[in-house]
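Reviewing the structure listed below.
Protein chains: 2
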Amino acid sequence: MIKVHGVSASPFVRKVLAVMAIKDLPFEHIPQMPFTDDAEFRRISPLGKVPALEDGDLVVNDSKVICQYLEDAYPQPPVYPTDYREKSRARWYEELGGTRVAEFAAGIFFQRFLRPVMLKQETDEALVESLINDKLPPMLDYLESQVPVDGFMFGDLGVADIALASPFVNASYAGYKVDAERWPGFAGFYRRVVEHPVMAPLLAADIKALGLSR
Amino acid sequence: MIKVHGVSASPFVRKVLAVMAIKDLPFEHIPQMPFTDDAEFRRISPLGKVPALEDGDLVVNDSKVICQYLEDAYPQPPVYPTDYREKSRARWYEELGGTRVAEFAAGIFFQRFLRPVMLKQETDEALVESLINDKLPPMLDYLESQVPVDGFMFGDLGVADIALASPFVNASYAGYKVDAERWPGFAGFYRRVVEHPVMAPLLAADIKALGLSR
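Chains as they are written, first to last, in the UniProt record's numbering: chain A, 1 to 214; chain B, 1 to 214.
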């Protein structure tokens, strides 16, 4: 059976869990924390990052590589567009969601939740203010120009949607909410993603695991 | 005709130029510097990063997304393995080459070449020492365990090989050389990549453009 290693509150693990759910694949979930010195885990994940996936004797690292592997190995239903031009756009959104969007939006979660609650460190409030006031607005302007008025990026819920929304899920756990007056398109898109029957149970499980309530 | 935007000394642009050469695709090369405020370029590259590729009315960003797009649109000869299990390994090496390996190896180039020569800033020598003595050795130990004794990762020269070697090309422009006594496997692999008929002319052009000599 496939094994997915990684705590579900990671935006990258969440993306893989969502793809597993869309493809209705049975799996064992090991809620591994990242960056431990656990030698057994380092054998699976050379950088100590999550998620990592095992499928029989094959080990796959990096959430993008994992999602593409799952698409290749278990094609139905697809989580990327089948047209290769659209697929390149989906991959770009996935890349953006995993780099700058994660740095900015999941960065709020890291500073305002993980540091004080989990790591017993102080929040860098100046950094958080800069993320919210300087970094995110131009990114949200761009995303506002990209998202559809209804539905998802490429028809059914797929990797592009999950990758762009997932860091904002983490930001929401730290009290950040996308301003729906300023970015109505993206705020609506985000709501559709998190209310999707695949995503809603994942968020409910996070909220329980993180000791949050709504 | 395809347009490739980006200075060729970037390890990420170099990867795309090598793929264009392997696939023997005609293209126009625009040696764009990254992170300029040029509005025209920002329209093509939302983050201001290089490489960016235009193919007719399609714009593709991020070197991984570009290489995969080129593979999909122009399949012959392939630059990724065709078996999807091997392909996931190739993608992992590409990801690693573009993240930690680039951060460490191309980081030496940034500090020791770009900062003093191009940006008129001081080299952070403490950082360079840490990259060389602390960060790179465990990475090179890992790479040593992955590379083949002869030839390339998956038969002919492909994206995985180029992505892993390319940051070390930049490090070499700043005087860093992989210790062939400590890591004979990777040092030999690196030499085979840079001496390949596709790569050698790219490096020769870099050396001219950067005003280096050997």
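Heads up, the beta-carbon is just placed ideally off N, CA and C, and yes, glycines get one too.
The structure displayed is predicted, hence computed values, not measured ones.
{"Query": "Exposure of G107 of chain A, with buried meaning 16 or more beta-carbon neighbours within 10 Å", "Result": "buried"}
{"Query": "Chain B contact for P167 of chain A (CB, 8 Å cutoff)", "Result": "no"}
{"Query": "Below-8 Å beta-carbon distance, Y69 of chain A vs any chain B residue", "Result": "yes"}
{"Query": "Runs of alpha helix (DSSP H) lying entirely within the stretch 83-109 of chain B, each at least 4 residues, in chain order", "Result": "84-98"}
{"Query": "Under 8 Å from the C-beta of K92 of chain B: neighbouring residues of chain A", "Result": "The question names Lys, but residue 92 of chain B in the sequence shown is Trp. V60, N61, D62, V65, listed in chain order."}
{"Query": "Check whether A165 of chain A and Y142 of chain A have beta carbons under 8 Å apart", "Result": "no"}
{"Query": "8 Å Cβ cutoff met for D72 of chain B and Y69 of chain A", "Result": "no"}
{"Query": "Bridge partner(s) assigned by DSSP for D55 of chain B", "Result": "B:L58"}
{"Query": "Top-ranked residue by Cα proximity to V193 of chain B, from B:V169, B:T36, B:L210", "Result": "B:V169"}
{"Query": "Chain-ordered residues of the stretch 73-85 of chain A with a beta carbon less than 8 Å from chain B", "Result": "A73, Y84, R85"}
{"Query": "Cβ-based burial, F104 of chain A [other Cβ within 10 Å; buried from 16]", "Result": "buried"}
{"Query": "For F113 of chain A, the first and last residue of its enclosing beta strand (DSSP E)", "Result": "Looking at the DSSP string, F113 of chain A is not in any beta strand (DSSP E), and its letter there is neither H nor E."}
{"Query": "Contact under 8 Å by Cβ, I132 of chain A with Y93 of chain A", "Result": "no"}
{"Query": "Backbone CA spacing between I162 of chain B and F110 of chain B [nearest angstrom]", "Result": "19 Å"}
{"Query": "Residue 295 of chain A to K135 of chain A span [Cα, whole Å]", "Result": "Any property of residue 295 of chain A remains undetermined from this structure, which presents chain A solely from 1 to 214."}
{"Query": "Three-way DSSP call (helix, strand, coil) for S120 of chain B in this model", "Result": "First, the residue type needs correcting, since residue 120 of chain B is Lys and not Ser in the sequence shown. If DSSP states are grouped into helix, strand and coil, K120 of chain B belongs with coil."}
{"Query": "Beta-carbon contacts of E28 of chain B that lie in its chain and below 8 Å, excluding the five residues immediately before and after", "Result": "M1, I2, K3, V4"}
{"Query": "Residue(s) in a DSSP beta bridge with K3 of chain B", "Result": "B:E28, B:E54"}
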